Each structure stands twice: as structure tokens, then as C-alpha cells.
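Everything below concerns the one structure shown next.
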Amino acid sequence: MRFLSVSDRKEAAVVSRSWYEASLDPILQRDIIVHFYATSSTGEAIPGLSRRKMPHLVLHHFETSLDANSVVHKSCEYLTKDLLSLSLKGSNITESTFVELLSCCEMLVSLDLSCCDSLFMSGKLLEKNSEIQKLRHVLKKVKEINLSSIRFLSDATFNRVMTICENVEKLSLGSVQITFNSKAYYPKGETRCANGSILTFDNILDFIKIQAANLISLNLSRSSMTSFHLESIASVKDLKLKELVLVGCKEIETGGIVKLCQHQKSLQSLDISGCIDVEDGAVKMIAAELHHLQILKLNKCRLITDGCVKQLSQLPQLQVLDFCECYQITTDGLTLGLCNDPKSSAPLTHLNLSCTNITDKFIIQLCQCVGSLMHLDLGSCFLISDHSVHAISSYLKHLRFLRLAWCKEITDLGLLGLLMNDMSTDIDHKHDQGICRCTRKYKSTDIFRKPTTDLEKDSKLTAGQIQNLLQSSQILSKLSNISGLHYLDLTNCNKLTDLGLTEAIKFQELRVLQLGMVHGMTDEGMIMIATNNPSLEELNLSHCVQLTDVAMETIVTKLPRLQSLNIFGCEKLTDNSIRLIQTYCKKLKHLDVSFCTNITYDAVEKLESASKSIQSIQKRMISGAL
293 MRFLSVSDRK
303 EAAVVSRSWY
313 EASLDPILQR
323 DIIVHFYATS
333 STGEAIPGLS
343 RRKMPHLVLH
353 HFETSLDANS
363 VVHKSCEYLT
373 KDLLSLSLKG
383 SNITESTFVE
393 LLSCCEMLVS
403 LDLSCCDSLF
413 MSGKLLEKNS
423 EIQKLRHVLK
433 KVKEINLSSI
443 RFLSDATFNR
453 VMTICENVEK
463 LSLGSVQITF
473 NSKAYYPKGE
483 TRCANGSILT
493 FDNILDFIKI
503 QAANLISLNL
513 SRSSMTSFHL
523 ESIASVKDLK
533 LKELVLVGCK
543 EIETGGIVKL
553 CQHQKSLQSL
563 DISGCIDVED
573 GAVKMIAAEL
583 HHLQILKLNK
593 CRLITDGCVK
603 QLSQLPQLQV
613 LDFCECYQIT
623 TDGLTLGLCN
633 DPKSSAPLTH
643 LNLSCTNITD
653 KFIIQLCQCV
663 GSLMHLDLGS
673 CFLISDHSVH
683 AISSYLKHLR
693 FLRLAWCKEI
703 TDLGLLGLLM
713 NDMSTDIDHK
723 HDQGICRCTR
733 KYKSTDIFRK
743 PTTDLEKDSK
753 LTAGQIQNLL
763 QSSQILSKLS
773 NISGLHYLDL
783 TNCNKLTDLG
793 LTEAIKFQEL
803 RVLQLGMVHG
813 MTDEGMIMIA
823 TNNPSLEELN
833 LSHCVQLTDV
843 AMETIVTKLP
853 RLQSLNIFGC
863 EKLTDNSIRL
873 IQTYCKKLKH
883 LDVSFCTNIT
893 YDAVEKLESA
903 SKSIQSIQKR
913 MISGAL
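See below:
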């Protein structure tokens, strides 16, 4: 069973008792996360847990009632025996239950306490020295701790938690309220005592200095950190970070990143997404100094231009690159940075270029030079067309994630790998050059252009014409040739029709399919898509206004693994679709029927009360809703 995906293993495990026992092999459980719901409706421990070795556990919807606490107490010996990671994210666990639960986790490596406001609200967590000493002995192997999004974290509680996890290597404090003006709370010359009300930067810096020899990963996202504070951390003696996450730290400027690169040259992962004042000089320093960098995320760093992007060729180990919403980056800079020398190009596997001004010319060169890509996001890249889809289908055979949402120039011809004889070969988009076509600002002085044919103008061919092309034209490569695709997003590619969708979307392992606002899809097309993609777990059909109950019948019968279904704004669907969902979708967790005006509130209520698997239903503006 080790050759099967997680989804396939889950299906195989219910075939027979022997197959279920085989699925419990410890080797197969390494990547399994168990979600445990401790509710007051259960009063006894779950003896079946003793047969499973669970390395990863998430406690959901934990209640403060005596019954819920009793369930956890009774199940502790089963839940924590071989536990490597534990997540209590957002749970309302009490201080005493927290201590008792962790006291059994001798093998624990990762602990997630993010969003646990109630646990820290009183400020009494680990207040007893006996509890600290007990857990300090048990949690010696903990290497990673997540304290993100905790409103009531203070110096005192932070120090206690870090005392019981004294060998931590990875620390996350994202979205935590940190006070950077520590002098107001710790006057100079006075004896310092950990504050029980606020979390100060000086206290965190003291911890970093103590733990410098071990600390390799730090997350201080969405804080008021400035370049000065970043330099204070970067210059700590013996600190050699491998990962640093500073998402949304809007006060950090180019100078801070420059100092970081000078002191922390061992960095392998750097995320400065949303640092809006970072300019070209920072990226040039990153390329010049961080030669071991594998992950670089510059999402929404909108001051970055082509002048620094071409320096990326100096990062030989770069695997993940994110330039989402970097509007000043164009084809010219990316070509020099990523495609200049195919023999020495970085082994990129993940690339996000959504909301940038790239053209077909770059995508074609990229596909030819970087065939190792597994994740490609080109959402809202309005200049790319069928030529780019042809290149992706031909060269990126290892692709697992493909997002082409809002690429409105893509047609059926692109999905089918067809190239018409009179199809335009001008893939340079010289008349655009990254300038939005809704403005009057053009670099080109060419006012008049060669007239185009009707077919080139709207690319809307009839089904008969496309069928003739399939027989007479050269087929480059269909999208379906990327056989291992797991995620496909064609949202608002409104030139697509049934013919292109049904012929191209045929993936045995496709799990997520986004087809929202593809108005050209009808019941016939959806029926074929559901039949040809049996492994789908998430399906988005929002605003597919031509779909009726006929298509829904095929969806619910042909997609037994479906867990999330979005039919927002599908106005032709009726209560019959809800009854079909109730009958066949036994694994459905999330459903959105908002603005389905022919679906009644009563039908949705019956589904919600009858289904054991559904966790959330969005039902705004349906018939009978308040």
C-alpha cells in the first residue's frame, strides 16, 4: 500500500479487515494526521485507538466540560504513546488538562498552541514550579513550537513555555502583539522581572541570545518590527538561521534586509511577503550573499523591478520562488533571471507569478529551461494565451499544481493542443510590454496594426470546426498529457466550452478542480468531467449558470471522495440536488449553496441535520432564508 496516495489508502482501508490492518503499518502512518473531536456526547475512551500508532494529532473543538475532559484523560494513554506532533490550535483546553496531556508525550517533537487564547488568558499557565519541572523532563525532544495569534501572550507565560521546551529549534510568533518600546516597561537600571501583561521585544531577544546555538527557524510575521530590530536579531552571536518568516512586517526596509544578508548567510528559506518598502537593493543583496537559499517569497513587494530580478541567476539552489502581485516585473527581467543559461538554471519546483505582466514568450522559454516545475501559478496573468498552455502541456510533465484562473485569452484550442495555420504567432506582445491595455500609455509608436481574421479576434469556434481541426491540424500536446496533475484552476476562463473541457480534463489523480464562472460549460460537459476524474475531492462550480439537477446527479454518483462542493450562484439547481447530495455524498464536509434561488432553506436544513460528515454549509440568499 505504500505506493498509493493518502486518498487511495483511505479507500483501500475500508475494503476488508485485512486491508485495514495493513493500512495501520507504522511506515504508512508517517504522513497521516488524525483529527480527534472531544465532545461532551462521548463519555468513554476510544479503545480502537490502541491499535494505531499516531505520529500526528489535532484536537478539534475541545470543550471545557467535565465530559470532554474525561474523554481526553481516558484516551491519553492511546493518543500520546507515539505522538510526534500535537496541535491544540484554537482549542479551549484548560491549564490542568494541558499539563496532564503533555505529561504523556515523551516522544513529542512539534507543539502547536496557536490561537489558544483561553489557555493564556488567566496568565496562570505553568505557574506552579512542580508543573514546569515535570514537563521540562518530558518535553526534552520538542524542537518546534508555534505560539502564533495568541492575544494574551506575555513575557511571563512565554518564558515558562520556553522553559519546558528548552531544546527548541523552530519558534513561531506570527501575529502576536509584541511591544518594541520595552523601556517603558523595563526602566534602565532597575531589576527586570518578567511582565505578566505584555510581550516585549527585549524579552524575545534575550531568549534568542540564550538559544542562539540551537535556533534555526524564526517567524515574526505581522509585527511592528523595524529594520533596527531585524538587525538586532541578525547580529546575535552564534545565531545561524536557516529559515526566517517576516510576512507583513511593513516597517522593514531595504537596509534591514541588507544587514540580515550580511549576518545570516546560512539562510535557506526567506519569506518577506508584504514588506512593502523593500526595493531592488534588498533582492540584489539576497542574490549576492545567500548562496544556500532554496525558498524566496517576495509576494506583494511591489517596488521590485526587472533591475534586480535578473540577479536571481546567482542562486543555484533556488527551488521555490514567489513574485505574486509584483506588478513592475516583466518578461525581460524574468527571462534573464531564470532562463538565461538553461545548463546552470536553478532547480525550480514551485513558481508563483500570479498578477504579473508576463507574456507567452517567457512562459515558453521557462517551460523549455525548467522542466522540473511541480507547482505553477499564473492566475490573473492576462497576457498569456493558448501558446503558454501548449508549452506547459508539452514540457512540464512533472506538474502537480496548475493555476490559470482569470487568464481570459485561453481557449479550447489551448487545452486541446491545437495550432491553427492562420493562428497568430506573435507571442512577444510587443504592443503591450507589461502596460495594462485599459490605459492609453503605450511605449510602442505603432498606431495602426494589421487587421485580424474573425477567428483570431474572438477564438470562438463551433464544435464542428474544432472537430475538423482535431483531424486536420497539428496537435501539439493536450493538457491531459500532464497525467499526474492534482490541482487545476480554470476560474473565469470564459472562452472555454464543453468540447475543450471534456477532451482535456481527464486526470485519474486530480483532487481539486476550480471551474467557477466558466459560463460555457453545460450539463453535458460536467457529466463527462465527473466521469473522467474519479478522484476529485474538491469541486468549485460557482456561477456555472447552465448547470441543472441532471449534472448534479452524475457529480454525486461518480465522485465518491467529494469533500467540498461549491455551487454558489447556480440558479438552475433545485431541492432535488440537495436530496441527491444527502443520499450519495457520505464524505462531504463543506457545501456552499449561496444565491441558489431555487434551493429552499428547509431542504438545506434537512441535509444539515441528517448528514454526519458535513462541517459547514454556506446558505446565504436562498429561497426561504432570512
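Residue 293 is where the sequence shown starts when you use my numbering, and the numbers rise one by one after that. Just so it is clear, CB atoms sit at the ideal spot from N, CA and C, and this is done for glycine as well. In this text, all values refer to a predicted model and were calculated from it rather than measured experimentally.
- In this structure, Asp-572 is the residue among Asp-572, Ser-769, Arg-452 with its C-alpha nearest to the C-alpha of Leu-595.
- In this structure, Arg-452 sits away from Asp-409, with a CB-CB distance that is not shorter than 8 Å.
- In the pairwise beta carbon analysis, the stretch 414-426 is classified as not touching the stretch 396-406: fewer than three pairs are separated by under 8 Å.
- Rounded to the nearest angstrom, the gap between the Cα atoms of Ala-638 and Leu-613 is 10 Å.
- For Gln-586, the number of other beta carbons within 10 angstroms of its own is at least 16, and it is reported as buried.
- For the stretch 545-594, the continuous alpha helix (DSSP H) assignments of 4+ residues that do not extend past its boundaries occur at 546-555, 572-581, in sequence order.
- Nearest to Lys-881 by alpha-carbon distance, out of Ile-891, Leu-854, Asp-867, is Leu-854.
- DSSP places Tyr-687 in the helix class (H, G or I) of the three-state scheme.
- By the beta-carbon neighbour count (other beta carbons within 10 angstroms, threshold 16), Gly-756 is exposed.
- Lys-462 has Glu-436, Ser-509 as its beta-bridge partners, per DSSP.
- Annotation: Gly-488 to Leu-411 spans about 14 Å, alpha carbon to alpha carbon.
- Secondary structure within the stretch 838-868: the alpha helix (DSSP H) runs of 4 or more consecutive residues, fully enclosed, are 841-850 (chain order).
- Between Leu-707 and Lys-798, the gap from beta carbon to beta carbon reaches 8 Å or more.
- Counting C-beta pairs with one atom in each stretch, the stretch 512-523 and the stretch 541-552 have three or more that are closer than 8 Å, which means they touch.
- Within the same chain, Val-848, Thr-849 come within 7 Å of Tyr-876 by CB-CB distance, once the 5 residues on both sides are set aside.
- Between Gln-560 and the set Val-681, Leu-665, Thr-823, Leu-536, the nearest pair of CA atoms involves Leu-536.
- For Leu-552, the CB contacts under 7 Å within the same chain, skipping 5 residues up- and downstream, are Leu-522, Ala-526 in chain order.
- Under the DSSP assignment, Val-896 falls outside any beta strand (DSSP E), being part of the alpha helix (DSSP H) whose first and last residues are 893-902.
- Taking 4 residues as the minimum length, the alpha helix (DSSP H) runs contained wholly in the stretch 615-701 are 623-630, 652-661, 678-687, in order along the chain.
- Collapsing the DSSP output to three states places Thr-794 in a helix.
- Contact check for Leu-497 against Thr-471 fails: the beta carbons are separated by 8 Å or more.
- Between the C-alpha atoms of Ser-905 and Leu-883 there is a straight-line separation of about 11 Å.
- CA-to-CA, the gap between Phe-615 and Leu-645 works out to about 5 Å.
- Around the beta carbon of Asp-563, 16 or more other beta carbons sit within 10 angstroms, so the residue counts as buried.
- Secondary structure of Ile-525 (DSSP, three-state): helix.
- Taking C-beta separations shorter than 7 Å and ignoring five residues to either side along the sequence, the partners of Phe-654 in its chain run Thr-623, Leu-626, Thr-627, following chain order.
- Under the three-state reduction of DSSP output, Thr-455 falls in the helix class.
- Distance check between Met-666 and each of Phe-674, Tyr-687, Asn-591 places Tyr-687 closest, using alpha-carbon atoms only.
- In this structure, Ile-859 and Ser-834 form a Cβ contact; the two beta carbons are roughly 7 Å apart against a cut-off of 8 Å.
- DSSP places Glu-398 in no alpha helix (DSSP H); its state is neither H nor E.
- Within its own chain, the residues whose Cβ lies closer than 8 Å to the Cβ of Lys-432, once the five positions on either side in sequence are excluded, are Glu-458, Asn-459, listed in chain order.
- In the structure shown, the three-state DSSP call for Asn-495 is helix.
- No Cβ-Cβ contact shorter than 8 Å links Leu-610 with Leu-590.
- Counting along the chain, no beta strand (DSSP E) covers Asn-824; the unbroken alpha helix (DSSP H) around it starts and ends at 815-824.
- Taking a cut-off of 8 Å for Cβ pairs, the stretch 796-815 and the stretch 826-833 touch, as three or more such pairs fall below it.
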